[in-house]
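Participant: Once you've had a glance at the structure underneath, I'll fire off some questions.
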Amino acid sequence: MRIVLPVAALLFGLAHGSYGAEPVRPGPGCLGQVITPPESLKVNPFYKKYLNCEGLPILASEKAREAALCRACELAGKMLAERSDIREALIEADVRFVVIGAEEGVTEIPEYSHMKPKAFWDERSRGFGGRIVSCGEENLLCYPVDRYDDESIFIHEFAHCIDGYGLRRIDEKFNEGLKELYEKAIGKGLWKYTYAASNPGEYWAEGVQSWFECNRQNNYNHNHVNTREELKAYDPDLAKLIAEVFRLTEKTDWRYEPIAKQPQVTAVPESLECDPFYKKYVRARGLAVLASEKVCDEALLEANYLIRQMFAYRHDILKAIIEANVRFVVIGVDEKITDIPEYGDLKRKQWWNKQRRSPGYSRQRPVISCTEENLLNYPDDAHAGENILIRQFALALHKITGLREIDEDFDSRPKQQYELHVKRMDKEFDGRLAELFESAKKNGLWQVTSAGKNRSEYWAEGVQSWLDANREGGRRHNDVNTREELEAYDPDLAKLVAEVFRHDERVDWRYRQRGEREKD
């Protein structure tokens, strides 16, 4: 097929500054021009843009960029490169694609305007499958603000459509065969506590994502499988089915490649209304990571990595931290602690600057911070041997989630995916922590250490050691700095930390310095 990419799509990045990213160019994939929807389609007046994707309409409001429509067409074309019969079935079923503008909620789309509660669904999803296949502009074009920046929502949702409105129309045995494969996999214990285990449809769509290598891995609703080879090894029956459906040849086979690699360091979005001191920004699963122009990009990216890893299985906790308006700040190696705007009014400034450690989170000052030298393990780091980011987040999550009131409606109300299979943290947690702290003191544990100071410090030291991110020995530490040492020394604290962070069906994570990881 001959591809024509409109000039507007190539130059869309000129107005892209509000998303804090450099202009990006989608690959080939547009057939024709983005125009006003023809009257023959009889679409809702909400839609102002239209692209003909080989007979399948792609629609969007005036807010979405033309390049997003082109990208959707490109991906659809690659998926159906060898299945014109499926495409014809979709056309007959009146399937349409909708691009949700980056600044639009899903419930602003006419087909989803009935969904309630709106706030729940606007947070819950950035796209749906079915006869109307939708996906957020930010996911298609890989904006830094994309909340699903490590997967393709379009490929997932289009996989649903291919299943429900393509394969079922041309292969009456497909649905039953998929159901049998799903039940067989679940019977073997595969996909436990993953989105793929929800039903046969999600099993299929998640498998398609991994086949094209655009799925998440190792989080609250995904396991380690996110590549074709991993899928073949883990669930060969599903991999075989997907290969048989798409029938891609050596010439047409492909794997997903994002337009722009995420996460990336960008200018600070105006919407954050930050102090002009901050010039750099990266989005860590929704949490703003900020720094001045003096801080190297690698430090922000390391902070982003650690935040994602620490809360991979507890996004509910990270979400609570975000909702407390917390921001994370990287302090440059040549900056003083009190150079940071939020710390400018600190008393004992010389003491804080000498410590190279910030006061930590408080309601009055909702900032968590860490120095560049600690994140990147510079030789002259004052806190070499421990990771201060992990410590500061442990302290903050105790204050933000461990002291909050009990939500009596938690078990009965609708839940987001990240709220499933977890115990909500509240003041019951703090009660348990207080009991453990008093018991540890009575048993003579943690004497003359930070952990012996109060229950919050006790918790933070436990989290650091559980994640192998603590210092061994020194003025405020004993010899306990690894998970195994914590389990032997204070098994009750180790058990409490494990209850919060461990996921028995997922890959375990422990802190390793950036240089050590890069050797792998």
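Going by this note's numbering, the first residue of the sequence shown is number 851, and it counts up by one from there.
The C-beta atom is built at its ideal place from N, Cα and C for all residues, glycine as well.
For clarity, every value in this text was computed on a predicted model and none was experimentally measured.
#1: Once DSSP output is grouped into helix, strand and coil, what is the label at residue 1165?
#2: Have a look at residue 1136 and residue 1023 and give me their C-alpha separation to the nearest angstrom.
#3: In terms of alpha-carbon separation, which member of 1271, 1242, 975, 1337 lies closest to residue 1310?
#4: Of the choices 886, 1001, 1274, whose alpha-carbon is the least far from that of residue 1165?
#5: So, is residue 871 buried or exposed, given that buried needs 16 or more other C-beta atoms within 10 angstroms?
#6: Where residue 1266 and residue 1325 are concerned, what is the direct C-alpha to C-alpha distance, given to the nearest angstrom?
#7: Taking the alpha carbon of residue 1079 as the point to measure from, which residue in 1093, 1070, 1071, 996 has its own alpha carbon closest?
#8: So the beta strand (DSSP E) residue 903 belongs to, where does it begin and stop?
#9: Starting from residue 1217, trace the beta strand (DSSP E) in both directions and tell me its first and last residue.
#10: Identify which residue in 1012, 1098, 1359 has its Cα closest to the Cα of residue 1073.
#11: Taking residue 997 and residue 976 to be in contact with their CB atoms under 8 Å, please state how far apart those CB atoms are, rounded to whole angstroms.
#12: Could you give the distance in angstroms between the alpha-carbon of residue 1327 and the alpha-carbon of residue 1314?
#13: Going by C-alpha distance, which of 1160, 1162, 1131, 915 is nearest residue 1149?
#14: Rounded to a whole number of angstroms, what is the C-alpha to C-alpha distance between residue 1110 and residue 925?
#15: Let me confirm a value: residue 1298 is counted as buried when at least 16 other C-beta atoms fall within 10 Å, else exposed. Which label applies?
#16: Taking the beta carbon of residue 886 as the centre, do at least 16 other beta carbons fall within 10 Å, making it buried, or is it exposed?
#17: If we call anything under 9 Å between Cβ atoms a contact, is residue 1276 one with residue 1257?
#18: With 16 other CB atoms within 10 Å as the buried threshold, where does residue 984 fall?
#19: If you draw a straight line from the C-alpha of residue 899 to the C-alpha of residue 911, how long is it?
#20: Out of 1190, 1300, 1103, point me to the one whose CA is closest to residue 1145's CA.
#21: List the whole-angstrom C-beta distance separating residue 1156 from residue 1240, where the pair is believed to meet the contact cut-off of C-beta under 8 Å.
#22: Can you tell me which of the three DSSP states residue 1130 falls into?
#23: Quick one: what does DSSP say residue 872 is sitting in, helix, strand or coil?
#24: With a threshold of 8 Å, are at least 3 pairs of Cβ atoms found where one atom belongs to the segment 1052-1064 and the other to the segment 1003-1013?
#25: Could you pull out every unbroken alpha helix (DSSP H) segment of at least 4 residues lying fully inside the segment 1072-1130, listed in chain order?
#26: Whose C-alpha, out of 1158, 1103, 1102, is nearest the C-alpha of residue 1112?
#27: Would residue 1176 and residue 1218 be called neighbours here (beta carbons separated by less than 9 Å)?
#28: Does the segment 953-963 come close enough to the segment 1028-1042 to have 3 or more Cβ pairs within less than 8 Å?
#29: So, residue 1271 versus residue 1043, is the Cβ gap smaller than 9 Å?
#30: Go through its chain and collect everything with a Cβ distance to residue 1226's Cβ below 8 Å, but skip five positions before and after it.
#31: State the DSSP-derived secondary structure class of residue 1317, mapped to helix, strand or coil.
#32: Output the residue ranges of the beta strand (DSSP E) runs that lie fully inside the segment 989-1034 and measure 3 residues or longer, sorted by chain position.
#33: Going by CA-CA distance only, name the one from 1261, 1263, 1282, 1211 that's closest to residue 1247.
#34: Can you tell me which of 1025, 1202, 1170 puts its alpha carbon nearest to the alpha carbon of residue 1252?
#35: Give the list of continuous beta strand (DSSP E) stretches no shorter than 3 residues that lie fully inside the segment 914-997.
#36: Can you list, in chain order, the residues of its chain whose CB lies under 6 Å from that of residue 1361, leaving out five sequence neighbours each side?
Facilitator: Judging by the given coordinates:
#1: Shown here, residue 1165 sits in a helix according to DSSP, grouped into three states.
#2: Cα atoms of residue 1136 and residue 1023: separation of roughly 42 Å, rounded to the nearest angstrom.
#3: Out of 1271, 1242, 975, 1337, 1242 has the C-alpha closest to the C-alpha of residue 1310.
#4: 1274 is the residue among 886, 1001, 1274 whose C-alpha sits nearest the C-alpha of residue 1165.
#5: In this prediction, residue 871 scores a pLDDT of 43, lower than 50, which makes its location untrustworthy; no coordinate-derived value is stated.
#6: If you take the alpha carbons of residue 1266 and residue 1325, they lie about 44 Å apart.
#7: Looking at 1093, 1070, 1071, 996, the one whose alpha-carbon comes closest to that of residue 1079 is 1093.
#8: Per DSSP, residue 903 belongs to the beta strand (DSSP E) from 899-903.
#9: Annotation: the continuous beta strand (DSSP E) that includes residue 1217 extends over 1217-1221.
#10: For residue 1073, the nearest C-alpha among the options comes from 1359.
#11: The beta-carbon distance between residue 997 and residue 976, rounded to whole angstroms, is 7 Å. This is short enough to meet the 8 Å contact definition.
#12: Residue 1327 and residue 1314 have their C-alpha atoms some 12 Å from each other.
#13: By alpha-carbon distance to residue 1149, the top candidate from 1160, 1162, 1131, 915 is 1131.
#14: Put simply, the backbone Cα of residue 1110 is about 15 Å away from that of residue 925.
#15: Result: exposed.
#16: Exposed: under 16 other Cβ atoms inside 10 Å.
#17: Inclusion of residue 1276 and residue 1257 in the CB contact set at 9 Å is warranted, their separation being smaller than that value.
#18: The residue is buried, with at least 16 neighbouring Cβ atoms inside 10 Å.
#19: Answer to the nearest angstrom: the Cα atoms are 6 Å apart.
#20: It is 1190 whose Cα lies nearest to the Cα of residue 1145.
#21: Correct: roughly 7 Å between the Cβ atoms.
#22: Reduced to three states, the DSSP call for residue 1130 is strand.
#23: For residue 872, the predicted model reports a pLDDT of 41, less than 50, meaning its position is unreliable and no value from the coordinates is stated.
#24: These segments touch.
#25: Entirely contained in the segment 1072-1130, the alpha helix (DSSP H) runs reaching 4 residues are, in chain order, 1078-1084, 1086-1096.
#26: Out of 1158, 1103, 1102, 1158 has the C-alpha closest to the C-alpha of residue 1112.
#27: In this structure, residue 1176 sits near residue 1218, with a CB-CB distance shorter than 9 Å.
#28: Per the Cβ contact rule, the segment 953-963 is not in contact with the segment 1028-1042 (fewer than 3 Cβ pairs under 8 Å).
#29: Closer than 9 Å, so yes.
#30: Result list for residue 1226: 1146, 1148, 1149, 1152, 1364, in chain order.
#31: Three-state result, residue 1317: coil.
#32: Here no run is fully enclosed.
#33: Distances from the alpha-carbon of residue 1247 to those of 1261, 1263, 1282, 1211 put 1211 closest.
#34: Per the C-alpha coordinates, the member of 1025, 1202, 1170 positioned closest to residue 1252 is 1170.
#35: Unbroken beta strand (DSSP E) runs of no fewer than 3 residues, entirely contained in the segment 914-997, are found at 946-950, 982-986, following chain order.
#36: Closer than 6 Å at the Cβ level, and outside the excluded window around residue 1361, lie 1237, 1317, 1318, 1319.
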